[in-house]
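Contents: one structure, followed by commentary.
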Amino acid sequence: MQRLLATSILAALLLAAGSGSGEECTAAVVSAAGSAEGAPLLWKNRDTDALSNKLVWVDEQPFDYLCLANADSASGRMCYAGLNTAGFGIINTVAYNLPEDDGEMADLEGAIMADALRSCRTVADFEAYLAANLGPDLGSLANFGVLDAEGGAAVYEVHNHGLERLDAAAAPDGRLVVTNFARTGAEGEGAGYLRFERATELFGELAPERVAARTILERFSRDLGHTLLDHPDLEDLAAQPASPPRWISSRDCIDRPDTSATVVIVGRRAPVPATLWVIPGEPLTAIAVPVWVEAGASPAVLWRGEEAEMWRESLRIKRLLRPSTEGHKGDYLDLTRLDNADGTGWLPALLGTEREILDRTEAFLAEPRGPAELAAFQEQMAERALATLRSVR
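Last residue of the sequence shown? That's 393 in my numbering, and every number before it is there in order.
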């Protein structure tokens with residue numbers, strides 16, 4: 001595989017001063033045997049200082065791709081999750097306990113992922129790409145989750161001078177949870193241990209049942225559970241009084257104050273194309289919509305303008321949920337805004353629309369679809385979600 005593209009390196013260098021700060025994500029890779037769909041799954045809750053994102057479609061060779069990008073850097077040369085026309089998908093989390101050396105390149109994971117989306121067809125291709133680029137200029141300190149159209153699914157723990165492969169199929173129940181440490185890194189160091197324990201707990205509650213993409217979207221991505229503290233389940237919020245406000249900190253939860261998006265990628269299973277589901281914003285303030293790279297575009301409300309409309313609406317709702325920006329007060333959310341005994345919370349409406357979209361998408365994909373049909377349907381679903389977000393007051 002060829003070396004990193006010069007354009008990707010240049011873009012990364014221009015952004016390196018701040019691009020890696022605040023990146024603490026929760027993710028998982030699920031094997032085909034472990035998923036209800038019978039295809040591998042990737043999940044990522046992206047936690048970042050860059051709360052306004054875009055989902056862009058990138059015209060490239062040999063493969064076009066969908067790319068989750070920062071709103072102010074939407075060229076597609078820095079990606080934080082994506083899917084290409086070969087059915088290759090990728091996500092990442094920073095792994096803070098892997099070795100790093102002063103003076104070497106760092107924080108280039110977004111460029112690595114964009115280059116992999118442009119050039120890789122399979123999990124094996126990605127491994128070869130990494131092996132060819134190991135060295136001080138790689139700029140990686142990460143867990144990469146990847147899947148392909150052949151059913152492959154793996155996690156790669158990668159630093160500048162080494163990589164380790166973990167196959168999802170070999171993991172218990174076919175699931176590998178990752179947060180901000182690597183299993184092969186320095187023991188007890190890194191970050192995200194509470195989120196790792198909670199996500200592992202959620203998957204464990206399903207065993208031996210196979211996990212479905214909709215379960216990850218509806219429940220796991222929005223989870224406010226905590227393995228050390230008594231946090232309420234979202235299903236119990238309907239019984240709470242509408243006032244006074246009920247505050248909890250979600251700093252160590254899966255749904256966090258700096259969660260900018262959720263991506264769930266369902267691998268290709270012919271004749272059904274691979275699907276990239278995106279929740280554009282903090283999951284408690286947004287709605288999942290499906291996108292297909294074969295459509296030749298991303299829905300306009302996910303990329304058009306200085307700020308994509310669906311992220312703008314989600315951030316507006318986020319300010320209702322987390323009204324304070326003083327110090328660490330933004331870590332706290334008011335549970336009564338989500339749901340309450342008076343029925344004035346917005347979460348039931350968001351979940352209702354999301355379930356409608358999930359059901360309609362399942363029915364839509366029951367028949368073979370061409371690019372024009374995929375493009376029209378994803379636009380309709382995005383507009384449906386946006387209408388519900390606009391109704392939140």
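C-beta: ideal position from N, C-alpha, C; glycine also.
C-beta contact flag for residue i and residue j at 8 Å
i    : j    : result
V278 : A261 : yes
N133 : A182 : no
L42  : I265 : yes
A372 : R210 : no
V58  : G76  : yes
T184 : E150 : no
E218 : L351 : yes
K397 : C25  : In the structure displayed, the chain extends from 1 to 393; residue 397 sits before or after that span and is not available.
E307 : L389 : no
L284 : I248 : no
A199 : V177 : yes
V392 : W346 : yes
L206 : H226 : no
T179 : F196 : yes
P368 : P271 : yes
Residue i versus residue j: straight-line alpha-carbon distance, rounded
i    : j    : result
L5   : Y80  : Unreliable placement is indicated for L5, whose pLDDT of 46 sits below 50; no coordinate value is reported for it.
W311 : S52  : 6 Å
L396 : E157 : With the chain represented from 1 up to 393, any question about residue 396 goes unanswered, as that position is not in the structure.
Q61  : A114 : 12 Å
L117 : A128 : 14 Å
K329 : V30  : 35 Å
R165 : V155 : 6 Å
P172 : T344 : 41 Å
I112 : L130 : 9 Å
D137 : A32  : 34 Å
L228 : S250 : 12 Å
E309 : A191 : 32 Å
D101 : P232 : 43 Å
K318 : P257 : 9 Å
V289 : S221 : 14 Å
P348 : A170 : 38 Å
T325 : D255 : 18 Å
P208 : H161 : 37 Å
A86  : E104 : 32 Å
D252 : R322 : 16 Å
L333 : S119 : 42 Å
Residues near residue i in its chain [Cβ-Cβ closer than 6 Å; skip 5 each side]
i    : result
P273 : W292 and E294
G267 : A39, P40, L147 and A274
P99  : H159
A186 : N97
Q240 : N340
A106 : G139
T361 : P290
A242 : T336, N340, D342 and T344
D47  : E24, C25, R256, D258 and T259
Cutoff 7 Å; reference residue i; Cβ partners in own chain excluding five residues on either side
i    : result
A74  : K54, V56 and W303
I91  : A27, L42, K44, A81, G145 and V263
N84  : F63, D64, Y65, L117 and V293
D386 : In the sequence as presented, Asp is not what sits at residue 386; that position holds Leu. Around L386: V301, E309, M310 and E313.
R384 : T353 and I357
F364 : F377
Rounded distance between the beta-carbons of residue j and residue i, thought under 8 Å
i    : j    : result
D339 : L237 : 4 Å
G281 : L315 : 6 Å
A95  : N70  : With 8 Å as the limit, A95 and N70 do not qualify as a contact, their Cβ atoms being about 21 Å apart.
Proximal residues to residue i (C-beta, below 8 Å), its chain only, five neighbours per side dropped
i    : result
L409 : The question about residue 409 has no answer here: the residues shown for the chain are numbered 1 through 393.
E379 : P299 and A300
R175 : A28, V29, V30, S31, G34, A168, F203 and V211
E189 : Y96, N97 and F181
Neighbour flag for residue i against chain C, beta carbons, 8 Å
i    : result
T344 : Reference to chain C is not applicable here, since this structure consists of a single protein chain.
The ligand GTP heavy atom lying under 7 Å from the CB of residue i
i    : result
T184 : Judged by which ligands are present, the structure shown has none, so any question about the ligand GTP falls away.
Runs of alpha helix (DSSP H) wholly within the stretch 344 to 386 (minimum 4 residues, chain order)
The stretch 344 to 386 contains these whole alpha helix (DSSP H) runs: 347 to 364.
What ranges does the alpha helix (DSSP H) occupy inside the stretch 117 to 171, keeping only unbroken runs of at least 4 residues that lie completely in it?
Complete alpha helix (DSSP H) runs here, min 4: 123 to 133.
What alpha helix (DSSP H) runs, 4 residues minimum, are completely inside the stretch 263 to 347?
Qualifying alpha helix (DSSP H) stretches, in chain order: 309 to 321.
If we require 3 or more residues per run, which beta strand (DSSP E) segments fall completely within the stretch 15 to 100?
Correct list: 26 to 30, 41 to 47, 53 to 58, 65 to 70, 81 to 84 and 89 to 94.
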